[in-house]
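Chains as they are written, first to last, in my numbering: chain D, 1 to 262; chain R, 1 to 409.
Where is the CB? At the ideal position from N, CA and C, for every residue including glycine.
Since this is a predicted model, take the numbers as computed values, not measurements.
Below is one structure, written out as structure tokens; the observations come after it.
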Amino acid sequence: MNGNRRMTNKKPLLEIKNLSASVAGKEIIKNLSLTIFEGQTHVIMGPNGAGKSTLSHVLTGKPGYEVTSGSITFKGKNLLDLSIDERANEGLFLIMQYPVEIPGVSFMTFLKYALNAKRKYLGLDELSAPEFIKLVQTQAQKLAIDKEMLGRAVNVGFSGGEKKRMETLQMALLKPALSILDEADSGLDIDALKVVSKGINDLDDGKRALLIITHHQDLLEYIKPDFVHVFAGGRIIKTGDKNLALELEAKGYTDFIKEAQC
Amino acid sequence: MLKYLDNIALIGEDIPALAALRQKGKVAFTGLPDKKTEAYKYTPVSSCLKEEMFSKPAHCHTHQDGHCDCEQKHLPFDAYEILFCNGTLHEHFHFCDGLEVSSLLDAVTDHEIGKYINKFELEKFPFAALNTAFLEQGIFLRVFKDIKKPIGLIYHTKQNGFENIHNIVVLEKNVNAEIIEVFEGKNSISLTNVVNEFFVLQNATLTHYKWQNSSPQAVHITLNRVDIKADGKYQSYTLQTGSKLARDETQACLKEQNASAVVNAAYRLSADGLVDTTTDIEHLSPSTASNQIVRGVVDGQAHGVFQGKIHIAPNTFDVSGHQSHKALLLSDDAKIDVKPELEIFADDVQCSHGATSGDLNANELFYLQSRGIDEQTARTVLTSAFLKTAFEDIPNSDIKIFFEELLMG
């Protein structure tokens, strides 16, 4: 084992065992197993169409994705028994590849509902209006998000970089136990990538875990992984450390996968 | 059903002007609309009427000082409130500088009303004819100066029966006023039949808000008849969330140059209610403009109806008339009927109409849920945002917030 990997003897945060899942009757994930402990950063790399995003959707409970066998345990609970919002309130958060635009709902309104939903789930009182505004504005400032953007409708008319910053803001406010970054670096220029990475790193309290899904290693310049998994054909075909990402980048997926499957 | 109307005793039979008006209404009223009545082809009023609706509602219990328990503040912002309790006007008016208020009966007695009442073809509007035949309750408002606070007309219904109300509002030249109507009722089996006649004189602006949240067993019919003179503006924002069957009909006549009208509306229905929004915007002069944004959300077995007509008269020019109706159908049994009509008899015009219907956007719903918001709340957030489009331009921030809160249920 590589010395950089953060090992723990605690219980797993997320434990995926022998998972198979299909979309519209077509099996996309095939017998996948993966365990993530508190504080770890895992990266899943693979070519387009390998099923990487399917995994993120299965974890978050997006309708249309059917688990056909296997199990997923999150913080000791059967994740598949939980609704989408319960999964989120338990501490699962997805930074989406394409954050959704919602006309007519301002970011502040949306954030208020999301924060208060989590607080209610945890048995806490709702935040007062001044508390809420102060909290959001402080975090927004750290991520170089203009106040004016908070008053606008959710993601409507935002650039790719702005959308990802807003995703990072939500992550900072909701403090999830496990964040899944689904191609979080797509559509980002280098400055935006730095801001988003810094935002994510600032949240590192030694406990939060990350599952980064990507097909190139730009983001890994800024967020250091503990494990890198190569994902192809609906399953993990090889696991290594950050050097594996460099190897993948150098060889390209086609050759690498052929080699790995020999 | 109509035979029960004979049992309704009216006051003011001894006022000749009133008796003449009622007689005119009786002549114009040739019966309730049925399936063959084109204007009501989607709105089967007759099948929703019940015997309990055709009696005069009992009066409220009044205390020794002449006030009743309903006379509390109804609106969550500062407003002059005028109360109709079970269809009867409570004549405890708040007067202010620039505002003249009287009951309809007093206005008829004083012969002030002749040049304003029934300035339209009564025969074309069966419920307006019925309204005139039973003319008794209503107010007459004249606005001479800008009114700083909205004028609230509160219709509070607790009893079964027939509520027949005729209001006349005159905005003199260069004045601005806001009127907000609120219809509220819980369990009453009532028929509410309102005619509003609005006269917006030169360079005046009337902003008219309405929230209809009547009993789920009620039938609610309103005709808003609006005359707009040069540079005058009528803008209305209507939200309907109640009644077994409700029809809100607006006929706005843009009579002189630069007159304009905004007739926006939203409705949200579940269970088996029907809401009908019918508009007829008459562009009778050059350089007139109108815009209508109507949004609806129907669930359960509910039924939304939108009939929107834009008429552009010959010899007009530089006219714009736009209309858009969009609806969300949240169940297989919910239904929408839309009938847009453009009647254009002039060349230099800009007109458009559009109608769409669909379900909530699944990706938007997932996005909200993936942030911990439960499905029911997420649906409410999204449907409210959809309906809010009709209220984006509400000029009064208190009322805008009030409407937004109503949309969130």
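Three CB pairs or more closer than 8 angstroms across the region 241 to 249 of chain R and the region 211 to 219 of chain R: Yes, the region 241 to 249 of chain R is in contact with the region 211 to 219 of chain R.
Inside the region 371 to 400 of chain R only - alpha helix (DSSP H) runs reaching at least 4 residues: 375 to 388
Reduced DSSP secondary structure (H/G/I, E/B, other) of R:Glu249: strand
C-beta contact flag for R:His325 and R:Ala355 at 7 angstroms: yes
Beta-carbon neighbours of D:Gln170, restricted to chain R and to distances below 7 angstroms: Neighbours of D:Gln170 in chain R, taken as residues whose beta carbon is under 7 angstroms from its own, are Arg371 in chain order.
Neighbour flag for R:Val262 against chain D, beta carbons, 7 angstroms: no
CB contact check: D:Lys242 to chain R, cutoff 7 angstroms: no
R:His156 Cβ short of 6 angstroms to the ligand GTP heavy atom set: This structure lacks the ligand GTP; in fact it carries no ligand of any kind.
C-beta neighbour in chain D for R:Asn363, strict 7 angstroms: yes
Nearest-angstrom Cβ-Cβ length linking D:Ile29 and D:Thr60, presumed shorter than 8 angstroms: Between D:Thr60 and D:Ile29 the Cβ distance is about 14 angstroms, and since that is not below 8 angstroms, they are no contact.
Three-pair Cβ contact test at 8 angstroms for the region 370 to 379 of chain R versus the region 112 to 131 of chain D: Yes: the two stretches touch, three or more of their Cβ pairs being nearer than 8 angstroms.
Where the alpha helix (DSSP H) through D:Arg165 begins and ends: Gly160 to Leu174
Alpha helix (DSSP H) segments (min. 4 residues) lying fully within the region 138 to 211 of chain R: none
The region 99 to 112 of chain D touching the region 144 to 156 of chain D, judged by at least three CB pairs closer than 8 angstroms: Below 8 angstroms, enough C-beta pairs join the region 99 to 112 of chain D and the region 144 to 156 of chain D to call them touching: three or more.
Opening and closing residue of the beta strand (DSSP E) in which R:Gln323 lies: Val319 to Leu329
R:Asp280 and R:Val305 closer than 7 angstroms at C-beta: Pairing R:Asp280 with R:Val305 gives a Cβ-Cβ distance that is not under 7 angstroms.
Straight-line gap, R:Asp393 to R:Lys400 (C-alpha atoms, nearest Å): 9 angstroms
Segments assigned beta strand (DSSP E), at least 3 residues, entirely inside the region 179 to 237 of chain D: 209 to 214 and 227 to 232
Strand pairing of R:Asp412, partner residues [DSSP]: In this structure chain R extends from 1 to 409, so residue 412 of chain R is not present and cannot be described.
Cβ shell of D:Ala50 (< 6 angstroms), same chain only, five flanking positions each side left out: Phe231 and Ala232
Runs of alpha helix (DSSP H) wholly within the region 25 to 86 of chain D (minimum 4 residues, chain order): 52 to 60
is_contact[R:Asp359, chain D] using C-beta, thresh 7 angstroms: no
Whole-angstrom distance between D:Pro103 and R:Asn361, CA atom to CA atom: 11 angstroms
Test item: CB-CB of R:Asn224 and R:Thr250 under 7 angstroms: yes
Identity of the residue in D:Leu19, D:Asp85, D:Pro47 and D:Gly123 nearest D:Phe256 by Cα: Answer by Cα proximity: D:Pro47.
Beta-carbon proximity check, D:Gly160 vs D:Gly187, cutoff 7 angstroms: yes
Closer than 7 angstroms to chain R by CB, D:Lys62: yes
DSSP state of D:Arg152 mapped onto helix, strand, coil: coil
D:Lys118 at chain R interface by Cβ criterion, 7 angstroms: yes
Residue span of the beta strand (DSSP E) that contains R:Val108, given as start and end: R:Val108 -> not in any beta strand (DSSP E); alpha helix (DSSP H) instead, spanning Leu104 to Thr109.
Beta-carbon neighbours of R:Thr241, restricted to chain D and to distances below 8 angstroms: Within 8 angstroms Cβ-Cβ: nothing; R:Thr241 doesn't reach chain D, min ~18 angstroms.
Min CB distance D:Ser114 to chain R below 7 angstroms: Note that residue 114 of chain D corresponds to Ala in the displayed sequence, not to Ser. True, the Cβ-Cβ gap to chain R drops below 7 angstroms.
Residue nearest to R:Ile180 in terms of C-alpha spacing, selected from R:Thr277, R:Asn196 and R:Leu105: R:Asn196
Under 7 angstroms from the C-beta of R:Glu405: neighbouring residues of chain D: By Cβ distance, chain D contributes nothing, its closest Cβ being about 12 angstroms from R:Glu405, past 7 angstroms.
Proximal residues to D:Asp185 (C-beta, below 7 angstroms), its chain only, five neighbours per side dropped: Leu193, Thr214, Asp218 and Leu219
Which listed residue (R:Asn118, R:Val143, R:Ile139 and R:Phe140) has its alpha carbon closest to that of R:Thr458: Lying before the first or after the last residue shown, residue 458 of chain R is absent from chain R, which here runs from 1 to 409.
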